[in-house]
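Count along the sequence shown starting at 1, add 66, and that's the number in our numbering.
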Amino acid sequence: MAVTTKRKAGAAKTVPGLRPGEFIRVLISSARIKTRLQQLARDIRRDFPTEPLHLIGVLKGSVFFLTDLARELGGEVSFDFLSVSSYGHGIDSTGEVKLIKDLDVSIEGKTVVVVEDILDTGLTLKYLLRFFEEKKPKHLRVVVLLDKVERRIADVRAQYTGFVIPNEFVVGYGLDFDERYRNLPDVCMLQFASRGKAKSD
Ligand code: IMP
């Protein structure tokens, strides 16, 4: 599902924690997210109707997405989290990714669904897929809430995508800017008065 800024961007919003010179505009409302998650859950369950699904969330941005998606998926579902740090993201991307927190349990023989908040350059996902494939899951699939297709560097794709979005820096529904705005219920564009768009970092 593609989202364009022209049609969907709302007026600038005042939200708690907004700093001077920062502007927030709703790109995807919480109601649209909920509806889309129900469709994604149906798509995943259509492919794996009876399999226990092991969801792996990438901290911290995917937390709300994973927990909401998990509640929409019927059947047996378990989950785990891991954390990575990425260096030099955005324009100066080096593609260097470091594991900060490993998985708690083995994924060998399991039907694994990696749950990512946003696919940007794809370098993080490329690293993660290599890492997971070595651990021999039965199936390995990826679901992303947001996909900035035009920013892609690595040749990776998700089997399930919530929304294709333009090249805008977004916050909310788990996504942050300097650890702020994760708790906004909508996915919003973050813009600056003086500098224009925020850069991915
Ligand atoms: P990639 O490796 O370039 O695909 O980047 C993936 C990670 O970059 C995401 O999991 C986010 O943590 C971060 N990121 C990329 N774009 C945005 C954005 O617009 N807002 C917040 N974080 C972002």
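Cβ atoms here follow ideal geometry from the backbone N, Cα and C, with glycine treated the same way.
Residue pairing by DSSP places residue 146 opposite 122 in a beta bridge. In the same chain as residue 211, and ignoring 5 residues on each side of it, the C-beta atoms closer than 6 Å to its own belong to 131, 183, 228, in chain order. At a cut-off of 7 Å, the beta-carbon of residue 213 does not count as near the ligand IMP: no heavy atom of the ligand is closer than that. When only Cα atoms are considered, residue 141 and residue 217 end up about 35 Å apart.
The nearest non-hydrogen atom of the ligand IMP is less than 7 Å from the C-beta of residue 152. Inclusion of residue 182 in the 7 Å shell around the ligand IMP follows from its C-beta lying nearer than that to a non-hydrogen atom of the ligand. Here the alpha carbon of residue 221 sits roughly 21 Å from the alpha carbon of residue 234. With a cut-off of 8 Å on Cβ pairs, the region 236–245 is not in contact with the region 164–175, counting fewer than three such pairs.
The Cβ-Cβ distance between residue 143 and residue 124 does not fall below 8 Å. Here the C-alpha atom of residue 95 lies approximately 14 Å from the C-alpha atom of residue 81. Note on residue 128: 16 or more other CB atoms within 10 angstroms of its CB, so buried under the neighbour-count rule.
DSSP links residue 68 through a beta bridge to 230. By alpha-carbon distance to residue 67, the top candidate from 239, 89, 93 is 93.
For residue 100, the secondary structure class from DSSP, reduced to helix, strand or coil, is helix.
With a cut-off of 7 Å, the C-beta of residue 227 is classified as distant from the ligand IMP, since no heavy atom of the ligand falls inside that distance.
Of the candidates 187, 173, 79, 173 places its Cα closest to the Cα of residue 122. CA-to-CA, the gap between residue 83 and residue 255 works out to about 15 Å.
Here residue 94 is bridged, per DSSP, to 253. About 6 Å separates the CB atoms of residue 215 and residue 230; that is less than 8 Å, so the two are in contact.
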